[in-house]
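Residue numbers (the working numbering): 1 to 223. Even for Gly, the Cβ is constructed at its ideal location relative to N, Cα and C.
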Amino acid sequence: MRSVAVLRLLHSSLSLLFSSSALSLTLLVLILLSSSNGVYADNVTSISGTWASGAGNVRTGLGFFNPITREFTMPKTAGISYSFTDDGFFEQAQMTYQSNPRNPACFNATLIWQHGTYQLFSNGSVGLFPFAQDGYVAVINPCADPSSPQITSFKYEQFTLISQWYNYVDPFPMFPEIQGKSAYAMQTFAFDGQKNPLMWLLNRPPSMLPTEQIWFSAASQHG
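In structure tokens form, the structure reads like this:
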């Protein structure tokens, strides 16, 4: 009888343990679902449109990059810009700049352009899937070795994960053309959680190049 009582007690304890674990797991799933839904609920507007950082000199569209000639137009300042359509396409324009205090003429600049499709995931992240063959990057170094070109250009294809994003109404945007007016601002985070430069909404619908893939590999062209 004592053994039966012990077995019953053990069975009751295990049942309680598993039911508690199931309850905890259910609560965890509900919390995660509510938090991921909150990522969208907290936004005051959609992700669609053209967004740009800093002074807004870097913007998507033909004014930054010509995908046919594969030539960049040098912006006045560094920055980053993203455009998103409502039907799942994106475009990225970016310029980074490193000055040389000893010789201002000897700077380093990197210009990046790519476009493709994007996907909003249920956990609040955004995946950017670029079209292969279309992306391009140019590295400019006026004081490079005379035997090497000052501008090095090559194809570029880099998947980007925005781990989190949110937008809000900024009553004091930085852009000169919209100062004195409120504007939508968007904060995005890199895959490792680091903040990306703050961007403001400039155009809706977005100002961007055609969303179709432009260049195809020789293998794909010949089936």
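Could you please give me the residues that DSSP links to Met95 through a beta bridge?
Met95 pairs with Gly79, Leu111.
Taking its Cβ as the centre, do 16 or more other Cβ atoms sit within 10 Å of Ser53, making it buried, or is it exposed?
buried
Rounded to whole angstroms, what is the Cα-Cα separation between Phe224 and Phe159?
One cannot answer for residue 224 here, as it falls past the ends of the chain, which runs 1 to 223.
Looking at the structure shown, is Glu212 part of a helix, part of a strand, or coil, going by DSSP?
coil
Residues sharing a beta bridge with Met199, DSSP:
Ser53, Met186
Does the stretch 193-206 come close enough to the stretch 131-142 that 3 or more CB-CB pairs lie under 8 Å?
no
Assuming the contact rule is C-beta atoms closer than 8 Å, Phe84 and Tyr118 should be a hit. Round their C-beta distance to whole Å, please.
6 Å
Among all the DSSP beta bridges, which residues are the ones paired with Asn66?
Glu71
Cut-off 8 Å between Cβ atoms - residues of its own chain near Gly79, not counting five sequence neighbours on either side
Ala52, Ser53, Gly54, Ala55, Gly56, Asn57, Val58, Gln94, Met95, Pro197
If we count the other Cβ atoms within 10 Å of its Cβ and call it buried at 16 or more, is Phe172 buried or exposed?
Under this definition Phe172 is an exposed residue.
Contact defined as beta carbons within less than 8 Å: I believe Thr60 pairs with Thr50. What is the distance between those atoms, to the nearest angstrom?
That belief holds up - the Cβ atoms of Thr60 and Thr50 are roughly 6 Å apart, short of 8 Å.
Cut-off 6 Å between Cβ atoms - residues of its own chain near Phe72, not counting five sequence neighbours on either side:
Phe65, Leu111, Ala138
Provide the residue(s) that pair with Val137 in DSSP beta bridges, ordered along the chain.
For Val137, which the question treats as bridged, DSSP gives the partners Ile112, Phe154.
Provide the residue(s) that pair with Gln231 in DSSP beta bridges, ordered along the chain.
In the structure as shown, the chain begins at 1 and stops at 223. Residue 231 is therefore absent and cannot be evaluated.
From Ser163 to Phe191, what distance separates their C-alpha atoms?
Taking the straight line from one Cα to the other gives about 5 Å.
How many whole angstroms separate the CB atoms of Gly116 and Phe90, which I take to be in contact at a CB cut-off of 8 Å?
6 Å
Taking 9 Å as the threshold (C-beta atoms), are Ala109 and Gln92 in contact?
Contact flag unset, no.
With DSSP run on the structure shown, which of helix, strand or coil describes Ile47?
Reduced to three states, the DSSP call for Ile47 is coil.
Could you give the distance in angstroms between the alpha-carbon of Pro67 and the alpha-carbon of Glu212?
So the two alpha carbons sit approximately 12 Å from each other.
Whole angstroms are fine: how far does the CA of Cys106 sit from the CA of Gly150?
Note on residue identity: the sequence assigns Gln, not Gly, to residue 150. If you draw a straight line from the Cα of Gln150 to the Cα of Cys106, it comes to about 11 Å.
Let me check you understand the geometry: is the CB of Ser81 closer than 8 Å to at least one non-hydrogen atom of the ligand COA?
Ligands are entirely absent from the displayed structure, and the ligand COA is therefore not among its contents.
With a CB to CB cut of under 8 Å and the five nearest residues on each side skipped, what residues in its chain are close to Gly193?
Ser163, Gln164
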